[in-house]
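In our numbering, the protein residues as written are 38 to 227. For reference, the structure discussed in these notes is given below.
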């Protein structure tokens with residue numbers, strides 16, 4: 038079963054659509070607060086399709102991700118009771134509790150690292166809201182962490198160009214599963 042190859046092909050199809058920017062922004066917003074699929078694949082595909090717009094796409098992804106993170110923060114702050122059953126059902130409760138512990142110890146740095154890491158960012162956005170992390174600190178850390186991640190993706194695609202696309206297609210399934218495994222190992226370790 039080639040899950041990541043199908044996702045990659047679908048993202049390439051979406052990247053060519055005239056409303057691709059809206060899709061990317063919507064996906065980025067949703068991923069930061071409740072949706073499980075990260076926008077990196079679509080960002081990479083769109084940057085590959087139009088390298089001259091890659092940095093603009095990275096900016097769009099960053100801004101909509103931070104806005105989605107703000108939405109997650111507000112969910113945690115005002116409506117955690119409504120969100121908690123979904124966190125439990127999706128298997129995020131243990132990660133959520135760990136995120137809360139980390140916030141109490143490291144605050145800003147946790148958001149910064151979470152914004153850049155493959156660990157589900159939505160867990161940290163909601164946890165930040167439940168703990169009433171100082172909102173400007175949360176937004177600044179989110180902007181830096183998410184921006185660094187998305188601009189790095191765009192820059193790598195611009196730099197690698199067509200040759201990177203061929204390699205990515207060849208190894209997308211392996212890379213996808215490797216990221217899933219490494220993310221799982223990181224979560225278990227932490």
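Cβ atoms here follow ideal geometry from the backbone N, Cα and C, with glycine treated the same way.
For residue 200 and residue 69, what's the separation of their Cα atoms in angstroms?
The residue given as residue 200 occupies position 163 in the chain shown. The residue given as residue 69 occupies position 32 in the chain shown. Rounded to the nearest angstrom, the two C-alpha atoms are 31 angstroms apart.
With 16 as the cutoff for other CB atoms within 10 Å, does residue 82 come out buried or exposed?
The residue given as residue 82 occupies position 45 in the chain shown. So residue 82 ends up on the buried side.
What would DSSP say about residue 145, mapped onto helix, strand or coil?
Translated into the one-based positions of the chain shown, residue 145 becomes position 108. If DSSP states are grouped into helix, strand and coil, residue 145 belongs with the helices.
Let me confirm a value: residue 187 is counted as buried when at least 16 other C-beta atoms fall within 10 Å, else exposed. Which label applies?
By one-based count along the chain shown, residue 187 stands at place 150. Label assigned to residue 187: buried.
Secondary structure of residue 56, DSSP reduced to three states:
Numbered from 1 along the chain shown, position 19 holds the residue referred to as residue 56. Looking at residue 56 - three-state DSSP - the assignment turns out to be coil, as it is neither helix nor strand.
Pair every Cβ in the stretch 135-151 with every Cβ in the stretch 97-104, then say whether three or more of these pairs are closer than 8 angstroms.
Between the stretch 135-151 and the stretch 97-104, the count of Cβ pairs shorter than 8 angstroms is below three; the stretches do not touch.
So, at 6 angstroms on beta carbons, what are the nonlocal neighbours of residue 198 in its own chain, with the 5 sequence-adjacent residues on each side left out?
Taking the first residue of the chain shown as 1, we reach residue 198 at position 161. There are no such residues.
Three-state class that DSSP yields for residue 94 in the structure shown
Against the chain shown, residue 94 aligns to sequence position 57. If DSSP states are grouped into helix, strand and coil, residue 94 belongs with the helices.
Residue burial classification, residue 43 (beta-carbon count within 10 angstroms, cutoff 16)
One-based indexing of the chain shown puts residue 43 at position 6. By the Cβ-count criterion, residue 43 is exposed, with fewer than 16 other Cβ atoms from all chains shown falling within 10 Å of its own Cβ.
Proximity winner among 172, 117 and 130, relative to residue 235 (alpha-carbon distances)
This structure cannot settle anything about residue 235, because the visible part of the chain is limited to 38 through 227.
Kindly list the residues whose CB is nearer than 6 angstroms to the CB of residue 114, restricted to its own chain and excluding five residues on each side of it in sequence; keep chain order.
In the chain shown, counting from the first residue as 1, residue 114 sits at position 77. Counting only Cβ-Cβ distances below 6 angstroms, and skipping sequence neighbours, we find 166.
Pick helix, strand or coil for residue 204, following the three-state DSSP scheme.
Locating residue 204 in the chain shown gives position 167, counting from the first residue. Helix, per DSSP.
Please state the DSSP three-state secondary structure of residue 129.
Within the chain shown, numbered from 1, the residue matching residue 129 stands at position 92. Note: residue 129 maps to coil in three-state DSSP.
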